[in-house]
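S.K.: The following block contains the structure, expressed as structure tokens.
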Amino acid sequence: MEENGPKRDEAVAVEGSSQPGAAAAGSSAKPSGNERQLSPEEREELRQVIETVNRLIAASKSLSLYPMHHPVAQGSLEMLAQVLQRFLQSYGEFSLGVKKEVLTYRHWALGARVESFRQFASTLRHLNINRFTVVPGIDEEELKSFLFLLAADPERVEIQGGVETQLFVSGVTHVAVEVSESRERRIEEDEEEGEGVERKPADLLEILEDALRGFAQRLQELAELLLQPEHLAFSLRHLSIKGKPITKLSQLVEGMYLFLKKAAEVVEKDFPHRRSDYYRCMAEAILFLDTTIRNELLLRQILPNLKEDPFNAELLSNFTTREISDVLSYFLPAAQELIPKTRALLRLVGFSLAEVEETVEMLKDKLIENGDVSPALVYALEAGMERDESAGPARKLPTLEEVAEFFREYSDEDIQAISVISEMDLERERVVQSTPVLLNLLRRGEEINNLAVVFEQLEEDFWRLLEMRHLDLAADLLKEFRELLGDLRPAYAPLRERLLLLTNEAASPAAIRSVIRNAASHREEPGVLEGFKQYMRVLREDGVMAMINVLGDEEDMSLRKFINDVLVELARGYDHLLIMRLQDDRWYLVRNLISILGRIRSSAALPSLRQSLYHPNPKVRAETVRALGFIGGYEAGTILLEGLSSPDPQTRILCIRWLGRLEERRALGPLCQMLETLKDNRAEDLEVKKEIIIALGKAGNLDTFPVLEKYMRMSKFGYREQWDEINRAAEQSLHQLEQKFPHARRGRK
């Protein structure tokens, strides 16, 4: 079953049914016992609940697997925010509880048979959360902090004060949590409340032996046990033969392996329709084992027969990339000779190339963080350069038979991935892959002896990243460098001067100008535009000022448009920098800055726009009127009213149009007065009259009806074509007003 898309009937059950916490069998199932049919309103509410839970799970996983600026993480966060806001608008709050291994909403149990729901319930339980409630007003930043907490190490969270403390420190005010008194108390309550739950380890070998003989009751008992990973792991740790516990580690892991393999044979024979569920639960049970036992089980039983026994590979293939990276991060330090073979091992298990790369990336970070593996071996993991000696000399061309065998061994997906690798820029990949590792080392400060060497490499990589237009990663580096300048730890004291020099050089106009032109020239490449915005956000005022300067110097219209669009997103909060440049002699720069101020609706720019309404250049005047219309409000309307007396006819017409669009009622008197004072036999005046009549239709009131009726019928000798346009405009404006004021139409009739 897909994690993010459970069917509603598989994810929901009414509490109090004959099987509490179990999922409903299907939409066609009839209610029995305490179950009841759901009303249409309840069905819709549950549908939205399940959609929200799915999005919450997906976003939590994405933020744990990808950096925050990655499109996948950002997209999942935005989608969750949209779905959650829609739910909060409809139902006021979103409250989710945990009862044993089941999520609960109100009096409903959710997803007892849905793997992703059970995992999420387990995550909440490990964090000691009984219930959490999200209330209206939550923003993406709070949501992101809450998701990071869900992905955190439960033991570390508890050491740092618990969930409530962490939410408070993170500034999360729209999520309330109910926590258990203690983990021990929670376990006791589970045991007290649980009906039919074994408090002692099950005698696995006895159950298995009876099941293999065909005893139906023990067969069912075995099936239920295999679907309880924690209890299964507990029983495996206490494996015994005829009541005598197995104490020798080698014998214990051999017994565990034989039990799992024989249990899989029972599943294949008696429960083939739920085969994947049982394999997944057996894999989960391995996760619950002690690290020493799990390592021995992998090293002595599962890995040696990986090629020969399909059961071993299928069991490992049921781990997610995150889980297998966790397992290997504790296993490989005990078997370091296997590190160079990690990629081949994962491919043998059945992971795709993309999953292998994802796993290796996470594994690499975990090994560096744990510090149990030398950098040389981490590099061997990263490079994956183990060579098969049977391949012959490196320059020998493959035979036709070898090529044919190659294509038989690999799928079309693999061939496509290999083709991509063959075209890869190795230097670029080296920089991109090594930078996060080095950055992690730099953050560890005094723990690293050769911190200066790490910084030297990062400094070189920073300028390479700018050159290669990998600006999102360059932005992360620059942000980190600036933060380290304020870090007073002694380890960074020798680097402070070089850090200051680098950050100042990165913020220099020449360096920023180079980045702008490089990004603009390649803005169609994936990730360049968003990376450029991220980099400019780190530069703050320096970035905005540099873009303004390039905007004034650059003759290429496409580059100016590129900068315009970026400034619209980044200039909020820096509008004072744009306003101070409105006195520039270059009219095209002034026009562009006014356009940006209008698009960001900067009310601080209104005094300056009052002056630019009389700028010598007509394009600047026109852009000023447009910006005033975008900004709107009382003061902008006042300036547009002042523009009615402008000596420039085109400015007057633009002001009339925007006053109509803004439905500025203060303009009705001046506009009607202008109608009467303008001449009836001049083409330019008739054009203004027509614009006034159109504006009156948009902004008019009851007093406007007689004026429009007059001009609907008025006709003068000469300028027949212009008067016909005025008559039609008046008729259309009357129709607009009649729709606004239907009672006025009845009164006039």
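For the sequence shown, the numbering used here begins at 143 and goes up steadily by one.
A virtual CB, placed ideally from N, CA and C, is assigned to each residue, including glycine.
Here the structure is a predicted model, which is why all the values come from computation and not from measurement.
If you reduce the DSSP assignment to three classes, tell me which class G315 lands in.
M.R.: Taking the first residue of the sequence shown as 1, we reach residue 315 at position 173. A quick correction: the sequence has Thr, not Gly, at residue 315. DSSP places T315 in the coil class of the three-state scheme, outside both helix and strand.
S.K.: Closest to R355 by CA distance: which of S737, S576 and D412 is it?
M.R.: As a position in the sequence shown, residue 355 is number 213, starting the count at 1. With distances taken between Cα atoms, R355 lies closest to D412.
S.K.: Below 7 Å CB to CB, which residues in the same chain sit around Y472 once its five sequence neighbours on both sides are set aside?
M.R.: One-based indexing of the sequence shown puts residue 472 at position 330. Within the same chain, Y472 has close Cβ partners T433 and N437.
S.K.: What residues match up with I388 in a beta bridge as DSSP calls it?
M.R.: Numbered from 1 along the sequence shown, position 246 holds the residue referred to as residue 388. In the DSSP output, where bridge partners are listed per residue, I388 has none listed.
S.K.: Quick one: Cα of D419 to Cα of L369, how far?
M.R.: As a working note, residue 419 is residue 277 in the sequence shown. As a working note, residue 369 is residue 227 in the sequence shown. Going from the Cα of D419 to the Cα of L369 covers about 8 Å.
S.K.: Mind checking which residues open and close the beta strand (DSSP E) that includes S237?
M.R.: For the purposes of this step, residue 237 is identified with residue 95 of the sequence shown, where counting begins at 1. Its beta strand (DSSP E) spans residues F236 to K241.
S.K.: With distances taken Cα to Cα, identify the nearest neighbour of H877 among K840, L615 and N691.
M.R.: Here residue 877 refers to the residue found at position 735 of the sequence shown. Checking every option, the nearest Cα to that of H877 belongs to K840.
S.K.: Would you grab the beta carbon distance between G785 and I836 for me? Rounded to a whole angstrom, and I think it's under 8 Å.
M.R.: In the sequence shown, counting from the first residue as 1, residue 785 sits at position 643. In the sequence shown, counting from the first residue as 1, residue 836 sits at position 694. Actually they are not in contact, since the Cβ atoms of G785 and I836 sit about 17 Å apart, beyond 8 Å.
S.K.: How close, in whole Å, do the beta carbons of S467 and L505 come, if the pair is a contact with beta carbons under 8 Å?
M.R.: Counting from one through the sequence shown, the residue named residue 467 turns up at place 325. Counting from one through the sequence shown, the residue named residue 505 turns up at place 363. Correct: roughly 4 Å between the Cβ atoms.
S.K.: Quick one: grab the DSSP three-state call for T462.
M.R.: Locating residue 462 in the sequence shown gives position 320, counting from the first residue. T462: coil per DSSP, three-state reduction.
S.K.: Would you check if the distance between the CB atom of Q289 and the CB atom of A201 is smaller than 7 Å?
M.R.: On the sequence shown, residue 289 is found 147 positions in, with the first residue counted as 1. On the sequence shown, residue 201 is found 59 positions in, with the first residue counted as 1. The question names Gln, but residue 289 in the sequence shown is Leu. In this structure, A201 lies closer than 7 Å to L289 by Cβ.
S.K.: In whole angstroms, what is the alpha-carbon distance linking R197 and M221?
M.R.: In the sequence shown, the residue the question calls residue 197 occupies position 55. In the sequence shown, the residue the question calls residue 221 occupies position 79. Those two C-alpha atoms are separated by around 7 Å.
S.K.: Under 7 Å, do D717 and S744 count as touching if we go by C-beta distance?
M.R.: Here the question's residue 717 lines up with position 575 in the sequence shown. Here the question's residue 744 lines up with position 602 in the sequence shown. For D717 and S744, yes; Cβs fall inside 7 Å.
S.K.: Using C-beta distances below 7 Å, list every residue in its chain close to V574, excluding the 5 sequence neighbours before and after it, in chain order.
M.R.: Your numbering for residue 574 matches position 432 in the sequence shown. So the list reads H612 and L615, once near-sequence residues are dropped.
S.K.: For I590, does the three-state DSSP call read helix, strand or coil?
M.R.: Mapped onto the sequence shown, residue 590 falls at position 448. Secondary structure of I590 (DSSP, three-state): coil.
S.K.: By Cβ distance below 7 Å, which residues in the same chain neighbour R655 in space, the five residues on each side in sequence not counted?
M.R.: Locating residue 655 in the sequence shown gives position 513, where the first residue counts as 1. So the qualifying residues of the chain are A688 and V692.
S.K.: How is the alpha helix (DSSP H) around I271 delimited, first residue to last?
M.R.: Position 129 of the sequence shown holds residue 271. Careful: I271 lies outside any alpha helix (DSSP H), inside the beta strand (DSSP E) at I271 to V276.
S.K.: State the beta-bridge partners of E320 as determined by DSSP.
M.R.: Here residue 320 corresponds to residue number 178 of the sequence shown, with the count starting at 1. R273.
S.K.: Find out if the Cβ-Cβ distance for the pair I781, L770 is shorter than 7 Å.
M.R.: The residue given as residue 781 occupies position 639 in the sequence shown. The residue given as residue 770 occupies position 628 in the sequence shown. Yes. Within cutoff.
S.K.: The alpha helix (DSSP H) spanning Y677 covers which residue range?
M.R.: Your numbering for residue 677 matches position 535 in the sequence shown. V670 to L681 is the span of the alpha helix (DSSP H), which, as asked, contains Y677.
S.K.: Going by the beta-carbon positions, is the gap between L720 and L739 smaller than 7 Å?
M.R.: As a working mapping, residue 720 is identified with position 578 in the sequence shown. As a working mapping, residue 739 is identified with position 597 in the sequence shown. Result yes, Cβ atoms of L720 and L739 sit closer than 7 Å.
S.K.: Are the CB atoms of Y634 and L644 within a distance shorter than 7 Å?
M.R.: Along the sequence shown, read from residue 1 onward, the residue named residue 644 stands at position 502. Along the sequence shown, read from residue 1 onward, the residue named residue 634 stands at position 492. For L644 and Y634, no; Cβs fall outside 7 Å.
S.K.: Give the DSSP-derived three-state secondary structure of L247 in the structure shown.
M.R.: Here residue 247 corresponds to residue number 105 of the sequence shown, with the count starting at 1. In the sequence on display, residue 247 carries Tyr and not Leu. Here Y247 sits in strand by DSSP.
S.K.: Roughly how many angstroms lie between the CA atoms of Q864 and T194, to the nearest whole one?
M.R.: Working through the sequence shown from its first residue, we reach residue 864 at position 722. Working through the sequence shown from its first residue, we reach residue 194 at position 52. If you take the alpha carbons of Q864 and T194, they lie about 59 Å apart.
S.K.: Which of the three DSSP states, helix, strand or coil, is assigned to I280?
M.R.: Sequence index remark: in the sequence shown, residue 280 carries index 138 (1-based). Of the three classes helix, strand and coil, the one that applies to I280 here is coil, per DSSP.
S.K.: With DSSP run on the structure shown, which of helix, strand or coil describes L180?
M.R.: The count along the sequence shown starts at 1 and reaches residue 180 at position 38. Three-state result, L180: coil.
S.K.: Can A353 and L361 be called in contact, C-beta distance under 7 Å?
M.R.: Working through the sequence shown from its first residue, we reach residue 353 at position 211. Working through the sequence shown from its first residue, we reach residue 361 at position 219. In this structure, L361 lies closer than 7 Å to A353 by Cβ.
S.K.: What residue ranges within the region 401 to 475 form continuous alpha helix (DSSP H) runs of no fewer than 4 residues, ordered along the chain?
M.R.: 417 to 429, 433 to 439, 452 to 459 and 463 to 473
S.K.: Measure the alpha-carbon distance for E497 versus T463 and round it to whole angstroms.
M.R.: Against the sequence shown, residue 497 aligns to sequence position 355. Against the sequence shown, residue 463 aligns to sequence position 321. Straight-line Cα distance between these residues: approximately 6 Å.
S.K.: Is P414 buried or exposed, if buried means 16 or more other CB atoms sit within 10 Å of its CB?
M.R.: Position 272 of the sequence shown, counted from the first residue, corresponds to residue 414. Burial call: exposed.
S.K.: Thinking C-alpha only, which one of S382, V408 and Q190 is nearest E366?
M.R.: Taking the first residue of the sequence shown as 1, we reach residue 366 at position 224. In terms of CA proximity to E366, V408 leads the group S382, V408 and Q190.
S.K.: Reducing DSSP to helix, strand and coil, say where I383 ends up.
M.R.: Residue 383 sits at position 241 when you count from the first residue of the sequence shown. I383: strand per DSSP, three-state reduction.
S.K.: Residues in the same chain with beta-carbon distance under 8 Å from L584, minus the five sequence neighbours each way, listed in chain order, please.
M.R.: As a working note, residue 584 is residue 442 in the sequence shown. Closer than 8 Å at the Cβ level, and outside the excluded window around L584, lie I590, L593, V596, F597, L600, E622 and L626.
S.K.: Measuring straight from C-alpha to C-alpha, what distance separates F704 and F310?
M.R.: As a working mapping, residue 704 is identified with position 562 in the sequence shown. As a working mapping, residue 310 is identified with position 168 in the sequence shown. For F704 and F310, the distance between alpha carbons rounds to 41 Å.
S.K.: Can you tell me the Cα-Cα spacing of I428 and A375, whole angstroms?
M.R.: Working through the sequence shown from its first residue, we reach residue 428 at position 286. Working through the sequence shown from its first residue, we reach residue 375 at position 233. Cα-Cα distance, rounded: 7 Å.
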